[in-house]
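The sequence shown maps to residues 1 to 406 in this note's numbering.
Every residue, glycine too, gets a C-beta built ideally from N, C-alpha and C.
Note that the coordinates shown come from a computational prediction; the quantities given were computed from them, not determined experimentally.
Read through the structure below, which is laid out as structure tokens, and then see the notes.
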Amino acid sequence: MKQIYVLGIHLFSFAVRLYSLFNEKTRKMLRGHSDTWSILSRHSYESFVWIHAASLGEFEQGRPIIDRLKKDFPNQKILLTFFSPSGYEVRKKYKNADLVLYLPFDTPSNAKKFVQGLNFKMAIFIKYEFWFNYLIELQKQNISTYYISSTFRKNQIYFKSYSNWMREVFGGVKKFFVQNVESQEILNAFGINDVMVSGDTRLDSVVENANQSWESEIIENSLDGRKVVVFGSSWPADHEQIINFINLYKEKYQYIIAPHNIGESEINKLQDEINLKVDLITSSESFKDVLILNTIGMLKFIYRYADVVYIGGGFENGIHNTLEPLAYSKPVLFGPQNHESFPEAVSILELNLGKCITKESFSRDITYFLDNPQLCSEIKSRIQSYIDRNKGGSGKIMSVLAQELT
Numbered sequence: 001m002k003q004i005y006v007l008g009i010h011l012f013s014f015a016v017r018l019y020s021l022f023n024e025k026t027r028k029m030l031r032g033h034s035d036t037w038s039i040l041s042r043h044s045y046e047s048f049v050w051i052h053a054a055s056l057g058e059f060e061q062g063r064p065i066i067d068r069l070k071k072d073f074p075n076q077k078i079l080l081t082f083f084s085p086s087g088y089e090v091r092k093k094y095k096n097a098d099l100v101l102y103l104p105f106d107t108p109s110n111a112k113k114f115v116q117g118l119n120f121k122m123a124i125f126i127k128y129e130f131w132f133n134y135l136i137e138l139q140k141q142n143i144s145t146y147y148i149s150s151t152f153r154k155n156q157i158y159f160k161s162y163s164n165w166m167r168e169v170f171g172g173v174k175k176f177f178v179q180n181v182e183s184q185e186i187l188n189a190f191g192i193n194d195v196m197v198s199g200d201t202r203l204d205s206v207v208e209n210a211n212q213s214w215e216s217e218i219i220e221n222s223l224d225g226r227k228v229v230v231f232g233s234s235w236p237a238d239h240e241q242i243i244n245f246i247n248l249y250k251e252k253y254q255y256i257i258a259p260h261n262i263g264e265s266e267i268n269k270l271q272d273e274i275n276l277k278v279d280l281i282t283s284s285e286s287f288k289d290v291l292i293l294n295t296i297g298m299l300k301f302i303y304r305y306a307d308v309v310y311i312g313g314g315f316e317n318g319i320h321n322t323l324e325p326l327a328y329s330k331p332v333l334f335g336p337q338n339h340e341s342f343p344e345a346v347s348i349l350e351l352n353l354g355k356c357i358t359k360e361s362f363s364r365d366i367t368y369f370l371d372n373p374q375l376c377s378e379i380k381s382r383i384q385s386y387i388d389r390n391k392g393g394s395g396k397i398m399s400v401l402a403q404e405l406t
């Protein structure tokens, strides 16, 4: 099975290169892969803690650890790697990382070249980043490897009868810091016992964001007392419902939309189909009814202006970050697709902090929360209790990492 995995990586690499002929974003990623090798050669004499995140969401889970590492061990060099351009391009100048690179494809030769190209004190992977050839090479070099904010489900490929070799690699991980007890029990059942339940480190990150002093003059100058709905990280399937909702209720509420794809065609389509004036945050001094965030990096702060938040992706491949609006104690609604895979979404439903909605109930459910201030007040109190119970995961993790770095 390992040979099939390696073959799959090569086929994936070939497909990405082929796709890059038609996609600039992918070409940029491949150029970044090439740059990685020349940059590594200039830093081979330095000692790094390596932290890898797939994209921006995983980075937010790792950020509290990066920040604590730099604070507690200011002389320790930190290497941050990404696979996705959406992570690398936004965080390539992150102040607490000494080096930020793309991580090349997980082939045996790349893994050997990368791991032997630098002096690593330890390697930390975020959540689902199971790059098995890199992990095998790290274990060959006796480099301690950790996973943080991981979650596991019984039906994942790692726990199939034909995946013994993957579980053997898991056995070489020094410690898994997992989000919930279920994940710990699944690993324990397969003899993987170096596991600690530490929660989702992203909760520490989003609480820190929510506590920052930040404001948008455009929004501050535009709010007029009407309830505000923020549609975060919305996809085309969400837009169909959002457009219908806005066209139905028109000026009754104010609306802020943050599309996942901020390409011009997507923005133009929203502007054309919404029957109100739609302003863009990059080109407006204020807005009356509808504001679109056609820029990246602001959404995590914008939630503070919401009365109710709808998180996109739930009518496509899966919902996006629901913890960010929770940090502001806002009711969170989302679509049904694959939400069971996200522990924080499960908690939202179990604790009645929001709701999973369907296309048929979309408008009815959102207005139910908007028009029910007593309910929202009760939810705010429950969210604050949830945060108080679950924050602090990064401290638990750092208490272990510090022992190795001291």
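Can you tell me where the beta strand (DSSP E) holding Lys77 begins and where it ends? Lys77 to Phe82
Ranges of the beta strand (DSSP E) found wholly within the segment 283-353, counting only runs of at least 3: 290-292, 308-311 and 332-334
Alpha carbon of Val308 to alpha carbon of Tyr5, nearest angstrom: 43 Å
Let me make sure I understand the geometry here. Which of Pro336, Glu324 and Ser286 has the alpha-carbon closest to that of Glu360? Pro336
Closest by CA to Cys376, which one among Glu350, Ile292, Asn275 and Pro331? Pro331
Could you check the C-alpha separation between Asn142 and Leu135 for me, to the nearest Å? 10 Å
Which whole runs of the beta strand (DSSP E) in the segment 143-174 are 3 residues long or more, in chain order? 144-150
Taking one C-beta from the segment 30-40 and one from the segment 95-108 each time, how about it: are there three or more such pairs within less than 8 Å? yes
How close, in whole Å, do the beta carbons of Ile246 and Tyr255 come, if the pair is a contact with beta carbons under 8 Å? 6 Å
Where the beta strand (DSSP E) containing Asn119 begins and where it ends: Asn119 to Ile126
If you reduce the DSSP assignment to three classes, tell me which class Gln179 lands in. coil
Residue from Gly393, Ala345, Pro74 and Ile397 whose Cα sits closest to the Cα of Leu203: Gly393
Tell me where the alpha helix (DSSP H) around His408 begins and ends. Here the chain comprises residues numbered 1 to 406, so residue 408 is not present and cannot be evaluated.
Can you check DSSP and say which residues form a bridge with Ala258? Gly232
Please name the residue or residues paired with Asp279 in a DSSP beta bridge. Leu291
The beta strand (DSSP E) with Ala53 in it runs from where to where? Ser47 to Ala53
What is the DSSP secondary structure of Lys408, counted as helix, strand or coil? Only positions 1 to 406 of the chain appear in this structure, which leaves residue 408 out of reach.
Please check the pair Val115 and Ile78, which I expect to be a contact at CB under 8 Å, by giving their CB distance rounded to whole angstroms. The pair is not a contact, with the Cβ atoms about 16 Å apart (cut-off 8 Å).
Would the beta-carbon of Lys396 fall within 8 Å of that of Met196? yes
Mapping the DSSP letters down to three states, classify Tyr102 as helix, strand or coil. strand
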